[in-house]
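Notes follow once the structure below has been shown.
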Amino acid sequence: MTNRPSADAGREPGFSTLAVHAGQSPDPATGAIMTPVYLTSTYVQEWPERHKGFDYARTVHPTRLALEKNLAALEGAKFGLCFSSGMAATSTVIEALSSGDHVVCGNDLYGGTYRVFTKVFARFGLTFSFVDAADLKAVEAAFTPRTKLVWVETPSNPLLKISDIGALAGLAHAKGAKLAVDNTFASPALQRPLRLGADVVVHSTTKYLGGHSDVVGGAILTSDEALFKEFKFLQNAVGAVPGPLDCFLVLRGTKTLALRVERHCANAAVVAKHLLAHPEVARVHYPGLPTHAGHALARAQMTGFGGMISFELKGDIERAKRMISSCRVFSLAESLGGVESLIGHPASMTHGSIPREERLKAGLSDGLIRLSVGIEDAADLTADLDSAIVASLKS
Ligand code: P1T
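Shown next, in the form of structure tokens:
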């Protein structure tokens, strides 16, 4: 964990202890308790190839290394690699494939992930099938002899679908493929996919890990050494690395991850129940509700249901737009996982790059509203939604 002696060296530290300490030691030069933001692009060598383990900052960087170790510890991974965005981390996993390879993907994914798969990597001869990842038979039927990877989000963005990580891993492995899970919505505070059998975890650290909407970043975590070596090679070869200040901000974020996520979950449970009982609400998607199709599975593979909710109002899309523009505590914005509550319209915002027919086929309706429930007082959040719903009735 750190270089400091531990009272009981054999004991496995808990999640919150790892979050505060893993990957970090007091600065050897000064004893500074916080990992310094090393603003350097290169390091002085005594002799060619004789140095302190650091040669060039795209290849290796001390602030980034601390974050990589911290995130690896939180996901229970042997290896961690950080990137300049969640999309850069996602792209690196796909860059490890070759032309002709096939990927089976969940059909409810962040719009940017769908876009990079279908509009960028498809150009290089990779093929992607999008199926309901909660339906194991559909996933199995999508395999081809060229399938090398299964890619899912669980809970998924924005419909909060839950897929069975252990079963998907079993299926992928039986067919010689790997399973990658984008764990951005759950965060390792609620779900550790590697322990359930996944081979690779991807994060947009922009979200719960950073936690304060002040940084964009991404990460890959794995315990598979061969995969790690390939991703590490790509991190250096392609070069989509985060800057040192960004790494510092995410490191600061993870220290409070467990606390924040607890509050996100508690507030989201209140908001989801409130919406479910609201006469103007047609449908609520939240894995913590017993009415959710993936509730039992979420209970089994997660330790909490998270801070993300999506729902549909009665009435048309214009009413939905009036409602989301009338909130005062929820801000109308893309992104999620920060301390402040956000509200969004996936069809025109985060998932605008998915063709309408594809969206509708996957169940993402034109009027769907997405909430990232923050850590404010729950009563202020429900009151804000109520008054925005009232305001949306007046056209
Ligand atoms: O924005 P970036 O750090 O590049 O992360 C991309 C990404 C990857 N995976 C998931 C599940 C995501 O939700 C995202 C980014 N999502 C949003 C910006 C959003 O509002 O949904």
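Heads up, the sequence shown is in the numbering used here, so the first residue is 12 and it goes up one at a time.
The beta-carbon is built from N, C-alpha and C at its ideal position, and this holds for glycine as well.
- Segment contact: the segment 95-110 against the segment 69-77, fewer than three CB-CB distances shorter than 8 Å; contact not assigned.
- The C-alpha of Gly-34 is placed about 14 Å away from the C-alpha of Leu-260.
- Taking His-285 as the centre and dropping the five residues before and after it, the same chain places the C-beta of Thr-393 closer than 6 Å to its C-beta, in chain order.
- Taking 8 Å as the cut-off, the beta carbon of Ala-331 is found closer than this to the beta carbon of His-356.
- In the DSSP annotation of this structure, the continuous segment of the beta strand (DSSP E) that includes Met-319 starts and ends at 319-324.
- Gln-56 sits away from Ile-176, with the two beta carbons spaced by 8 Å or more.
- Within the chosen limit of 7 Å, the ligand P1T reaches the beta carbon of Met-98 through at least one heavy atom.
- Counting other Cβ atoms within 10 Å of its Cβ, Glu-164 reaches 16 or more and is therefore classed as buried.
- Distance check between Phe-65 and each of Ser-198, Leu-396 and Thr-53 places Thr-53 closest, using alpha-carbon atoms only.
- By the CB criterion at 8 Å, Gly-91 and Lys-80 fall inside the cutoff.
- The three-state secondary structure of Ala-394, taken from DSSP, is helix.
- Contact between Val-249 and Thr-103 holds: their C-beta atoms lie close to 7 Å from each other, under 8 Å.
- Counting only residues of its own chain and dropping the five nearest sequence neighbours on each side, Ile-173 has a CB closer than 7 Å to the CB of Ala-145, Thr-165, Pro-166, Pro-298, Gly-305, Leu-308 and Ala-309.
- Cα atoms of His-62 and Leu-76: separation of roughly 16 Å, rounded to the nearest angstrom.
- For Thr-158, the enclosing beta strand (DSSP E) begins and ends at 158-164.
- In this structure, DSSP gives Ala-33 a state outside helix and strand, which the three-state scheme calls coil.
- About 13 Å separates the beta carbons of Phe-26 and Leu-82, which is beyond the 8 Å limit, so they are not a contact pair.
- Under the 8 Å Cβ criterion, the segment 330-348 does not count as touching the segment 180-190, having fewer than three qualifying pairs.
- In terms of Cα proximity to Phe-242, the closest of Tyr-219, Val-211 and Leu-120 is Val-211.
- Restricted to the segment 185-268, the alpha helix (DSSP H) segments that are unbroken, complete and at least 4 residues in length are 236-249 and 255-266, listed in chain order.
- In the structure shown, Phe-128 falls within a helical segment according to DSSP collapsed to helix, strand and coil.
- In the three-state reduction of the DSSP assignment, His-285 falls in the helix class, which pools H, G and I.
- For His-296, the uninterrupted beta strand (DSSP E) segment begins and ends at 292-296.
- The residues Val-295, Tyr-297, Gly-299, Leu-300 and Ile-320, in chain order, have a CB closer than 7 Å to that of Ala-283 in the same chain once the five nearest residues on each side in sequence are set aside.
- Counting only runs of 3+ residues, the beta strand (DSSP E) found wholly inside the segment 108-153 occupies 113-117 and 138-142, in chain order.
- In the three-state reduction of the DSSP assignment, Leu-300 falls in the coil class.
- If you draw a 10 Å sphere on the C-beta of Phe-135, you find fewer than 16 other C-beta atoms in it, and that means exposed.
- In this structure, Glu-345 has its CB closer than 7 Å to one or more heavy atoms of the ligand P1T.
- Along the segment 321-397, the beta strand (DSSP E) occurs as fully enclosed runs of 3 or more residues at 353-355 and 380-383, listed in sequence order.
- Residue pairing by DSSP places Arg-61 opposite Trp-58 in a beta bridge.
- An exposed status is given to Ser-359, since fewer than 16 other beta-carbon atoms sit within 10 Å of its beta-carbon.
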